[in-house]
Each structure stands twice: as structure tokens, then as C-alpha cells.
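Structure first, then comments.
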Amino acid sequence: MNAGEPERVKRANAQEDYLEALLAMGTQHGQGVTLTELAGRLGISPASASEVVKRLQDAGCVARGPRGRIRLTEAGLGCAERVAERHRVIKRFFTDVLHVPPEIAERDACRAEHALHAETCARLEDFLEHLEADALERDGSVALTLLQKGQSGTLVRIAGGQGARIRLAGLGVRPGVHLQVLQNSGHAPVMVRVGNARVAIGRRLATRLHITLDKGASEP
Amino acid sequence: MSERRRIRIGIIGNPNCGKTCLFNNLTGAHQHVGNWPGVTVEQKAGMYEYRGARYEVVDLPGTYSLLPFSAEEEVAGRFLYEEPPDVLINIVEATNLERHLMLTGQLVGLGIPLVLALNMMDEAEQQGIQIDRAQLEQMLGVPVIPMVARRNKGTAALLDAVARLTESKALSTAVVDYGAEMEAALVALSERLDAKACRVPVRERALALLRGRPACGCDQPVLERAAAVRAGLEERLQDTLENYILGRCYGFAHGLARMCVTHSPQTRFNLTEKLDDYLTHPLLGLVFFAVCMWVTFEIVFVASEPLTSVLEMGIEWLRGVVEAGMPEGVWRSLVADGIVSGVGGVLVFLPNIVLLFLAIGFLEDSGYMARAAFVMDGIMHRLGLHGKSFIPMLVGFGCTVPAVMATRTLDTRRDRLITALIVPFMSCGARLPVYTLFISAFFSPRWHAALLMTLYVLGIVVAIGAANVLGFIFFRKDFSPLLMELPPYRLPTARSVLILMWRRAWMYLKKAGTLLLGASLMMWWLCSFPRSWAGKGDEAGATAAAVFNQSYAARLGRAMEPVFRPLGFDWKITVGLISGLAAKEAVISTLTIVYGVEESAETTDALQDRLRTDKLFSGKPWLAFTVLVFVLLYVPCIAVMAVFYREFGAWWTMFMVVYTTATAWGMAWVVRMIGWLAGANV
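Structure, rendered in C-alpha cells:
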């Protein structure tokens, strides 16, 4: 490792912290925050904050509005959300699998989120999902994609990302709801009846919906 | 007189629940369509008068919840917080009340007088769903108006309820119970907010703060406090805040539905699901889809012919009148060759475009468009797109401008950008006239439809290739899953299809009136100057062709010719292609001038004759086809560049311009080589 490496790493970590802070302060909406407010939150001087903000601006992650107010750009929002997601995954691993107390898990996740490679985090998430899937198989649920046309059941759980869960909820697909499969074949999305509406769910997403089949509903 | 102040009304509801239909019922023809500031989500506003008061109605984009997940939801949320209307109409489906009431749960606390429009009462009745209106009214504390928006039933009662609400300003009495933990947090945050800072109640503002959205009357410390409270709450609730809020809104909706809705169980024949058995069948669905597209093209191509010839005759008559009535000289040339020929050349193709929009409107309104996206998703998925991308692509067959705008319905920037980058390859309605001209000039009638179809398919194939390449090079990240509602099949009402058609055709005409007229005039100038109009003496020597040969346009065309020589194009075609940058329709009006077509009964026929006999094309139909391939694929018009710039910025716009042109050049060259290898005369 050359001498420049630790400095570069430290810089990247700082940038991620800034993005997280900007996300937490809600700067993707509205007019954004001033440099002083941002520095205050991070507990550093505005002078040193300005350098990092400049770099983030060059990278297209933040934009400066009127009177220099800082807000996240769309690209920056994506970055910040990825860091936040990584943070959540790592913390969940610490608390749920290792049973580390929440405060310690939070502190360690803050540091580990910078240190772990994106690939490692993805594997960690897969692992957590596997654990959940195993637990679910024990309670007799199956992925929605395995249901055949005409079969129905109750949605017990949606594995994975927060975004998809909210969008599903908007369409009335949420844990506890009763679904009937209207169309499920080949590579097309799965079509289900929810209440009185029909919803098409992409196959990849459909594998993450876990269903317990209705009793006696085993027609082909 | 001073009483006549303007009352602002917002209409909000889930997508496809009859919002636009209700909007049309309220405002009739008094509406205008624009964009929400900053984003290209369509903003429709209109006016109506009722009992001497003037009402301004804003049709908000369809949204499932106020938690922002797409541009539409962001827009709806911002509107309600930042410029709250005097009265809000929440339109819900009676057939699916519980789900729709979830949005209502997020609206009751906003501090805006609310009316619940209970739409699709007829369908609910057929399905044996009874709704206890009095009970719902009492539990929500807002007026509930049953209606059938498609048949314009219940509008009068709604107008009346809105009028009464503007007087009483009564707010809903219902609240969503967020549970002890969160309610305590909301109270604590509310206390730090200035109640008089704005109209939005403090509880609602506290809720917005918790979700990280800065509300009015709060400063940075409060915002940070909110973030801390949120973290604590999520810790205790063992859930993300958004999930929890939605869960609570569901509780609210479920409670209402349980008290107010009764289903009388009956096994009714469900037409939508029976149809879906076939229309979304993995195999039959695709077959039906292909047939559907074929019929659309046949309608556009065949049914428009009589209308087109009537228009052509009208334009020629007008041109004749001008030529007879004006003295020889620069002004006559300007009016006859510039204005009448140019704009006339655009108007002639209005029937094609109107029919295309009519067909698209029918597909959208009948509910089939969503099925098209469904059956195509499997294929689209393998192309690195998803089914929803298909709708902008389909709209792209009408016009690329709304198609680029329609990419807003996609959820991630990656999907939006890829879709918008390939949409220009979908052959837009304005290119159709160019195809029609060349195809009917060079090929026998029995090949017309097939050749046209070939061009459209080629566009699709190139788009698919481009999507794969772009996806591979620029955006390897994963894309968001397909998730959409399939509305029930309905027979489209003439009214809604016609309004939709009229609006889009009008947009096309407005373009013809301004941009295209400008382009025509500029081309006329380029083609007519430099030239002396000194005396009548020179007309014998200066034939039209001779004049044109020394014009600016000819010089520009000749300068560019080497670039197009490998494709076999001469400078005249080059000039036509350059003018196509202004708008694709302009290619024809320019060719009309370039080939000096004058004094004939029918301009189009005359131009076709000229093309056939031109030494570049004589006996070379394949070359004509090569020109069409280039027209199909090269840079869309200025209007598209403008929209693209607003959506994706300067760099991507430049990229789009360069890569489409390069693709067009490359494909035209390949097509020419194929013809050459096959022994065609090119």
C-alpha cells in the first residue's frame, strides 16, 4: 500500500458521511441547508466542511442553491441512499445475527459501512434474506412465483428492500392481504387479484413475496 | 363584483380512478395543459363557474400515497403543502374502497376542506357492493358524493358540495391514529412549531418533519430534532417510519371499510378476468398484441386517404388564389412557396396523425395499454427494460415529445434515461408523411403496408439493440421491478377519447403553426436567396432550378454532400434531411421547394413524379428505402431536444443527438450494402 492510500480512503469516508448527513437532514426536498448547519451537524468547522462539499459538488452529488444552500442532487441522493442501505444491512447483521446491543451495533455500523466492499455488503444482505427465507419455509410459506394460476393464499412477508415494500403497499399488496394468482407463466410478470383490483408484479419482485396457501385450494 | 374571487380546487386520487374524466366533466373545454414547474409531469388546470363564483381546478397527477416515490407523488405532495387549494376533491373507486381510503387517510389531516367523490358506483352495484354513504360521511366528517364520472352522473351534487364547503370551510373530523409512541413524538414536535406560520396544522407538519421533509415554520434545530426522534421511533417500532405510517393508514382505511362496505356474495361473470385469460395469455396475448398493432397501422394508413385528398385540394386551391391575386415578385413567392406550401404540406398529414392519436387514445382508455405492457414485460425484461418502458415506446409512435415525457412514469433514473434514449427510434407520426411520400412514389401499392411495417419494425429492432448496448455500457446497476395496476376493461367513451385526441392533435398543430412555419420560411429564404427580383426581364432566364442552384440551401447541401456520399444521397436530399432537424414534417415541404415543384394540381403527386424522374432515384427504389432508413433513425426534431434537455441535461442531450445520427448513418450504410449485395441498383 502506498503512502497516498490512507488519505484517499479517509477522504472517501468523509464524503459518505456528508452524504448521509445531508440525507438525514432532508436536503433532497426544499432549499437545502447552509454550510454552517451542515458543519454543525457533523461537528466540524465550516472551513474544513467547505473543501469536502466542493469535491462533492464537482462529483455532481450536491448542488448549491441561492445563498450557497446545499442540497442533494439526484445522483447524490442515490449515493446517500446506498450508504444508508449499507448501514442498515450491517447493523441488522450485528443485532439480529450476532445479538450485539443496538448502541454498539449502531456505532460499529457507522465505521464498517465505509470499510466493507459493496460486494461484501450484497452477500451479507443475501445471507440475511436466506435466513428469513429459511424461517419462512419452516412456517410453510412459498414464493409467489411458485403458485399456479387460480391458487390463492395470504401474503405473510415481503423480503428485501424498503422501496418496493412501500410501492407494493400503495397498490394494496401488504402483509396479511389475501391474493389470488390470475396469470403466472413463462417470463411474464405474475398477475394477482388483490381485493377488487388486478396488479402485475415483476417476476424478480414476486419471488420476494412469501405466501401461505389457502387450505383446500389446491386446484391446478 | 368583488365577490367573484377565484376559488382553487385540487383533484387527487389513485391513477386510473377517473380523475381526468371528472376534471373534464367539471371544466368542459375550458382547460389548459402545461407542466409542473421544474418537472415534465403534465399539469392540467381548468375553470368553471357555479352560482356566480369562479373556480380554478387543478388535476393532480395520479398518486397512491403522499410518500414520494415517483415524480408524480413528489409533485402532488409539494402542491398540497406549498400551495394548498381551497377545497380538495379526493376521488376514490367504490369498487375498491378500502385501498383508495388509504390515500384519504393521508389527506384528512392536511387542513384543507375535503370532499370524497365516490366514483364507479354503477360498477360497484353490478358487483354487489353496497356502501353506507351516511355512515362514511359521519365517520370521515366530510361530504361523500356518489358518482359515475364516465357518464357524467353526480357532477351537480359535487359542484354543490364544493360550493358549500368553500363557505363553511369545515375540516374533516377524522384522524389516523398513529399509536401511543408516535403520537407522543408528534405532540412533542408540534410544540416546537409555530402554529400561525402557515395553514397546514402543526400535527401534519410534525408528521412531514418526521419523514425528513422540511415544513414551514421550522428551523434547522427542529429538523435535526425530528431526525433524532425518527431514529428513536424506528428503533422502538422495529420498522421503518414509512412502512409504519402506511400500516397505520391501512388500519384507518380498513376500519372505515369494515363499517361502511358490504359485499353481497354473488358469483358474477367477471368480464375483465375472462378477457384477461386470453389477452394476457403467454402466447395468445402476444398474437393479439401483434394483430392489434397491425390494425392500428392499417387504420392510420388506409382510412386517412380520402381526408388527405380533400385537404390537398383545398391547399392547391388556396395557392392558386394567391398566385392569381398577387403581383409577381418576392411577396408572391413568399406567400405561395413559403407559407402556403410549407404549412399546407404539414396540414395534409393531419388526418394520419389524428387517426393515430385516436387509436392510441382508444388503447389507453379501454385498459388495453396496461395489458400490452404486461405481455411485453417478459420480452422487455430480457432487453434490459421493463414492461412499463413499453408505454413511452408506444406513445413514441405518435410523437417523441410526449413519449420522452411519459418516461416519467418509470421509477428509476436508469430506466428513464435508457427508455428516453431509445424512444427516438420509435417512428413518430411526423415521419409517416415522409415514408408515405417515398413509398408510394417508388413501390407498387401491394407493398405499401409491408414496407411501412418493415420500417417500424426496424426502428424497434434498433431500439432494442441500443437499449442493450446502453444498458451494458452505462448503467450496469440493477433496475426496478415492474409493478402496476391493470384497470378493468371498459368501453372507451367517445368524449374522453376525443378530448385526448383533440389535445394531442392541437399540440401538433400548434407546432405546425409556429415552429414549422418558422422552419418553412427559413427554408424558403435559404432556397430563394441570393437572387435578384429586379425586373420582369430575367424570368425567362432564371428558371426555378437555376435560381435554386445558386441559393444558400444548395450551397449548404453541397458542403454537406461528402458526408452523405457513402450513403448515395445527393445534395438535394441532404438539404431535406437538414431541414428535418426543425421538424420531420419539414422534410417534405423542403423537398417540395428543392425539387421546384410548382403549378400542379396536387403537390404531393407532383413531388412524387419529380422524385421518380430525378436522375438520382430513377430505377433505384432501394436508394429511396435507404433514405427512409436514415429518416427513421436520425436525430429527432428540435422540440424533442428541448424536452430531453429539460429532463436529462445538456450532456445527455448532446449524446442523444450524436448517437442517433451515428446510428442512422451506420444503419443506412448497412442497408445500402445489403441492397448492393442483393444486386439492387443503388
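These protein sequences, in sequence, are chains A and B.
Going by the working numbering, the residue at position 24 of the first sequence is 42; the numbering climbs one at a time, nothing skipped.
Going by the working numbering, the residue at position 640 of the second sequence is 657; the numbering climbs one at a time, nothing skipped.
Glycine included, each C-beta is placed from N, C-alpha and C at the ideal position.
Whose Cβ in chain A lies nearer than 7 Å to the Cβ of residue i?
i, result
"Y267(B)", "R192"
"Y662(B)", "Residues of chain A passing the Cβ test: none, with the nearest at roughly 16 Å."
"P498(B)", "A182, G220, R222 and L223"
"L380(B)", "Those within 7 Å of L380(B) in chain A number zero; the least Cβ separation is about 17 Å."
"L188(B)", "Here the premise fails: no neighbours, minimum Cβ distance about 25 Å."
"L97(B)", "Chain A residues near L97(B): none, gap ~13 Å exceeds 7 Å."
"L273(B)", "Per Cβ cutoff of 7 Å: no residues; L273(B) is ~14 Å from chain A at best."
"L449(B)", "Correct list: empty, because the minimum Cβ distance to chain A is about 31 Å."
Note down, in chain order, every chain B residue with its Cβ under 8 Å from the Cβ of residue i.
i, result
"Q75(A)", "Correct list: empty, because the minimum Cβ distance to chain B is about 15 Å."
"P120(A)", "E252"
"E92(A)", "R430"
"E55(A)", "Q237"
Using a cut-off of 8 Å between C-beta atoms, extract the partners of residue i located in chain A.
i, result
"Y506(B)", "Simply none; closest approach about 11 Å."
"L367(B)", "Ordered by position in chain A, no residue passes the 8 Å Cβ test against L367(B), which lies about 36 Å from the chain."
Using a Cβ-based criterion (distance less than 8 Å to any ligand heavy atom), does residue i qualify as near the ligand SAH?
i, result
"D76(B)", "Summarising the ligand content, the structure contains no ligands, and the ligand SAH is consequently not present."
Take residue i and list the residues in its own chain whose beta-carbon comes closer than 6 Å to its own, dropping the five residues that flank it on each side.
i, result
"L475(B)", "none"
"M343(B)", "R349"
"Y261(B)", "L254"
"L153(B)", "V161 and C277"
"V688(B)", "T643 and V646"
"G4(A)", "Lying outside 19 to 238, the shown extent of chain A, residue 4(A) is not represented and no answer is given."
"S281(B)", "G145"
What residues of chain B sit near residue i, judged by a beta carbon separation below 7 Å?
i, result
"R59(A)", "E241"
"V51(A)", "Q237"
"A161(A)", "Result: empty, since nearest Cβ-Cβ is about 14 Å, beyond 7 Å."
Keeping to the same chain, check which residues put their C-beta closer than 7 Å to that of residue i; ignore five residues upstream and five downstream.
i, result
"P583(B)", "W686"
"H271(B)", "E115"
"V652(B)", "L598, V674, T677 and T678"
"A243(B)", "L206, L226 and L227"
"P64(A)", "L53, T54 and A57"
"T297(B)", "R388, F391 and V392"
"E221(B)", "G126, L127 and G128"
"V418(B)", "A656, V657 and V660"
"M138(B)", "A111, P163, M164 and V165"
"F546(B)", "S568 and Y569"
For residue i, collect the residues of the same chain with a Cβ closer than 8 Å to its Cβ; drop the 5 residues on either side in sequence, then sort them by chain order.
i, result
"N41(B)", "Q48, R512, S513 and I516"
"R507(B)", "R167, D382, S383 and G384"
"E73(B)", "R23, I24, R25, I26, A62, G63 and M64"
### Task
List in chain order: all unbroken alpha helix (DSSP H) runs of 4+ residues lying wholly within the stretch 404 to 468 of chain B.
407 to 413, 417 to 423, 430 to 439 and 449 to 459
### Message
At a CB distance below 7 Å, what residues from the stretch 235 to 268 of chain B approach chain A? Give them in sequence order.
### Response
Q237, L240, E241, A244, E252, T257, E259, N260, L263 and Y267
### Message
Please identify, using Cβ separations under 7 Å, the residues of the stretch 287 to 316 of chain B that lie next to chain A, in order along the chain.
### Response
E290, D293, T297 and P299
### Query
What residue ranges within the stretch 69 to 134 of chain B form continuous alpha helix (DSSP H) runs of no fewer than 4 residues, ordered along the chain?
88 to 99 and 114 to 124
### Message
Using a Cβ-Cβ cutoff of 7 Å, what residues of the stretch 58 to 91 of chain B are near chain A? List them in chain order.
### Response
Y81, S82, L84 and F86
### Query
Of the residues that make up the stretch 99 to 128 of chain B, which ones have a beta carbon closer than 7 Å to any beta carbon in chain A?
T112, N113, E115 and R116
### Task
Residues of the stretch 392 to 419 of chain B with a CB closer than 8 Å to any CB of chain A: list them in chain order, please.
V392, D394, G395, I396, H398, R399, H403 and G404
### Task
Give, in chain order, every unbroken run of the alpha helix (DSSP H) that is at least 4 residues long and sits entirely within the stretch 39 to 112 of chain A.
53 to 60, 64 to 76 and 92 to 110
### Message
If the cut-off is 7 Å on Cβ atoms, which residues from the stretch 187 to 218 of chain A count as contacting chain B, listed in chain order?
### Response
A187, G188, L189, G190, R192, L200, Q201, S203, G204, H205, A206, P207, M209, G213, N214, A215, R216, V217 and A218
### Query
Is it a yes or a no for the stretch 109 to 120 of chain B touching the stretch 168 to 187 of chain B, going by three-plus beta-carbon pairs under 8 Å?
no
### Query
What are the residues of the stretch 99 to 123 of chain A that lie near chain B, defined by any Cβ-Cβ distance shorter than 7 Å?
P120
### Message
Going residue by residue through the stretch 305 to 374 of chain B, where are the continuous alpha helix (DSSP H) segments of at least 4 residues, counting only ones entirely within it?
### Response
322 to 342, 347 to 350 and 358 to 364
### Query
Going along the chain, which residues of the stretch 637 to 651 of chain B sit with their C-beta nearer than 8 Å to a C-beta in chain A?
none
### Message
Beta carbons nearer than 9 Å to chain B: which residues of the stretch 27 to 42 of chain A have them?
### Response
L41 and A42
### Message
Can you confirm whether the stretch 443 to 451 of chain B touches the stretch 369 to 381 of chain B when touching is taken to mean that 3 or more C-beta pairs between the two stretches lie within less than 8 Å?
### Response
yes
### Message
Assess contact between the stretch 90 to 104 of chain B and the stretch 23 to 32 of chain B, defined as three or more Cβ pairs (one per stretch) separated by less than 8 Å. Is contact present?
### Response
yes
#### Entry: Segment contact flag, the stretch 132 to 150 of chain B with the stretch 175 to 193 of chain B, C-beta cutoff 8 Å, min 3 pairs
yes
### Message
Restricting to runs no shorter than 4 residues, where is the alpha helix (DSSP H) found entirely within the stretch 140 to 175 of chain B?
### Response
150 to 157
### Whole alpha helix (DSSP H) elements within the stretch 168 to 255 of chain B, 4-residue minimum
172 to 185, 196 to 207, 219 to 227 and 237 to 254
### Query
Going along the chain, which residues of the stretch 128 to 142 of chain B sit with their C-beta nearer than 7 Å to a C-beta in chain A?
none
### Query
Are at least three pairs of beta-carbons, each pair with one atom in the stretch 88 to 103 of chain A and one in the stretch 114 to 121 of chain A, less than 8 Å apart?
no
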